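Student: Quick one: this structure, given as structure tokens, is what I'll be asking you about.
Put into structure tokens, the structure is as follows:
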């Protein structure tokens, strides 16, 4: 048999030479070419759209603020006649609906959040978290007041201003005393009827005698009565929720069904919040546009009140974007930039609504879903912070009172300045529980240094806009505080079973 001269071909997977020679390099190169030739711009575009998609809602909300300002100015200057109240109401109507939705969430969210958070924690841990939060609130509020006093004493925005005599509004004609204001604050902490607390709160009234001399301000012998105003007693509900949470925690297994009820209620409120939040660009747009049309005088902001307005804005900026982030960095050893960026939706909502309580649900959602803060901390700390922690308000009131004293050429002594500091701090704590907070609490501080209550009207022209800026700073302070408390309580929280989020 004749042997073949051809060598048999043995291909071994361990023989690299043969494998390479048998492999079609041209075909392999053609297969790999699309992978190598992907343009760099494609990856950048994907990253951009990913960031845009993840931050779509904050971007739309910020755009709605800018658009609302532009639209409001366009409407304002499109007609030489002043817009009447009905026309302004029509413009604000979509925003009013959005605001009503947010306000409807306040009480069920506040009570369920605090109760479930405290009830799920050991009492000693609740004390530690609460103590850290209160310490942070007091520290930042005192710092805010000091910053405001330093700025207004250095800039002196009220020197040389000719504002004319102040005129009393109908509200200001109601006599207000500091003692009554503080006592009402304490009374509202212990409401006799929880159902009534959802819709009204207690307020003391003193009735001037019919035949009283205009310069007679002695109110000691005036008759005293009271009324219930159409404002929710938020502080009283917070106190009740705290006590109820402690009681549920002490009951152990017996209290678990009630704890599950409040946890489920809180989860459902947060889910509804996520639905409502997507309406914020439309609501914010029309709220801002309506306020721009409604504003009485822009000339006041750049005229006599311009320096006062600028002083408050500088103080709020320093406190909100320098002092508070510095405290956050010292407390957590983390840079605050990403944290604040993730809170942009809550900050813009606070600016649009002018209410820390109305934006509470949005703030909690941003903290839990974007900043990954433990829900047990956010649901305990944030409702309390939205009620008593008002850094922006404290700074504003200190600046406003000293500004008014400068306008009236009324020199304040060191003791009076200290009194302003203390009363501004107390007024900011009680602001959320007092009707017409910006008005009544300011009267309380003015009364401390002996200035007439009517002088509050000097700053009304710009108060509507400053109110939105200081509310935004209040929300920033509450949010950073929740981040600090969560960081300091991290090890202790790990020992307790976390609150599970059952939302899908």
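Numbering (the numbering used here), first residue to last: 52 to 555.
Just so you know, even glycine gets a beta-carbon here, dropped at the ideal spot from N, CA and C.
For clarity, every value in this text was computed on a predicted model and none was experimentally measured.
Taking 7 Å as the limit between beta carbons, can you name the residues of its chain near residue 310, skipping five residues before and five after?
Tutor: So the list reads 167, 170, 171, 299, once near-sequence residues are dropped.
Student: Considering just the uninterrupted stretch of the alpha helix (DSSP H) at residue 457, what are its terminal residues?
Tutor: Where residue 457 is concerned, the enclosing alpha helix (DSSP H) stretches over 442-458.
Student: Classify residue 502 as helix, strand or coil using the three-state DSSP reduction.
Tutor: Three-state result, residue 502: coil.
Student: Please name the residue, chosen from 538, 433, 367, 372, that lies closest to residue 520 on a Cα-to-Cα basis.
Tutor: The option with the nearest alpha carbon to residue 520 is 367.
Student: For residue 244, count the other beta carbons within 10 Å of its own beta carbon; 16 or more makes it buried, fewer makes it exposed. Which is it?
Tutor: Exposed, since its Cβ has fewer than 16 Cβ neighbours within 10 Å.
Student: Decide yes or no for the touch test of the stretch 411-424 against the stretch 499-513: beta carbon pairs closer than 8 Å, at least 3 of them.
Tutor: The stretch 411-424, when compared against the stretch 499-513, does not touch it at the 8 Å Cβ threshold.
Student: Are the CB atoms of residue 474 and residue 495 within a distance shorter than 8 Å?
Tutor: Cβ atoms of residue 495 and residue 474: closer than 8 Å.
Student: Which residues does DSSP list as the beta-bridge partners of residue 420?
Tutor: BP columns for residue 420 are empty, so no partner.
Student: For residue 252, write down the residues that DSSP places opposite it in a beta bridge.
Tutor: According to DSSP, residue 252 bridges with 280.
Student: Which residue from 148, 378, 411, 538 puts its Cα closest to that of residue 333?
Tutor: Among 148, 378, 411, 538, the Cα nearest to that of residue 333 belongs to 148.
Student: Check the DSSP bridge columns for residue 275 and list the partner residues they point to.
Tutor: In DSSP, residue 275 forms a bridge with 257.
Student: Count the CB pairs spanning the stretch 532-542 and the stretch 423-434 that are closer than 8 Å, and state whether there are at least three.
Tutor: Touching, per the Cβ criterion.
Student: Rounded to a whole number of angstroms, what is the C-alpha to C-alpha distance between residue 207 and residue 234?
Tutor: Each residue's Cα considered, the two are about 34 Å apart.
Student: Taking residue 412 as the reference, which of 155, 390, 455 has the closest Cα?
Tutor: Selected option, being the one with the closest Cα: 155.
Student: Determine the extent of the alpha helix (DSSP H) in which residue 204 is found, giving its start and end residues.
Tutor: Per DSSP, residue 204 belongs to the alpha helix (DSSP H) from 174-206.
Student: Going straight from the alpha carbon of residue 445 to that of residue 292, what length do you get?
Tutor: Answer to the nearest angstrom: the Cα atoms are 26 Å apart.
Student: By the three-class DSSP mapping on this structure, what secondary structure does residue 518 have?
Tutor: Reduced to three states, the DSSP call for residue 518 is helix.
Student: Going by beta-carbon coordinates alone, are residue 372 and residue 513 separated by less than 8 Å?
Tutor: No, they are not a contact pair.
Student: Short of 7 Å in beta carbon distance, which residues of its chain neighbour residue 158, apart from the five on each side in sequence? Order them along the chain.
Tutor: Within the same chain, residue 158 has close Cβ partners 249, 283, 288.
Student: Could you pull the start and end residues of the alpha helix (DSSP H) that residue 112 belongs to?
Tutor: It spans 107-128 - the alpha helix (DSSP H) in which residue 112 sits, taken as one unbroken run.
Student: Within 10 angstroms of the Cβ of residue 260, are there 16 or more other Cβ atoms? Answer buried if so, exposed if not.
Tutor: When all chains shown are included, residue 260 counts as exposed.
Student: Distance check for residue 316 and residue 223, CA to CA, integer angstroms please.
Tutor: Since pLDDT at residue 223 reaches only 47, below the 50 mark, its modelled position is unreliable, and the value read off the structure follows with that caveat. For residue 223 and residue 316, the distance between alpha carbons rounds to 41 Å.
Student: Please name the residue, chosen from 277, 95, 271, 205, that lies closest to residue 255 on a Cα-to-Cα basis.
Tutor: Measuring from the Cα of residue 255, the nearest candidate turns out to be 277.
Student: Tell me the rounded alpha-carbon separation between residue 588 and residue 240.
Tutor: Residue 588 cannot be examined here, being either before or after the span of the chain that is shown, 52 to 555.
Student: Given residue 176, which residues of its chain have a CB within under 8 Å of its CB, disregarding the five upstream and five downstream residues?
Tutor: Here the set comprises 540, 543, 544, 547.
Student: Output needed for residue 115: all residues of its chain with C-beta closer than 6 Å, excluding positions within five of it in sequence on either side, in chain order.
Tutor: Around residue 115: 332, 335, 336.
Student: Quick one: grab the DSSP three-state call for residue 241.
Tutor: Residue 241 falls in the coil class under three-state DSSP.
Student: Checking 8 Å against the spacing of the C-beta atoms, do residue 397 and residue 522 come in under that value?
Tutor: No; because the gap between Cβ atoms is not below 8 Å, this pair is not in contact.
Student: Less than 8 Å between C-beta atoms, sequence neighbours within five positions excluded: which residues of the same chain meet that for residue 470?
Tutor: So the qualifying residues of the chain are 499, 500.
Student: Is it buried or exposed, residue 507, if we count other Cβ atoms within 10 angstroms and call 16 or more buried?
Tutor: So residue 507 ends up on the buried side.
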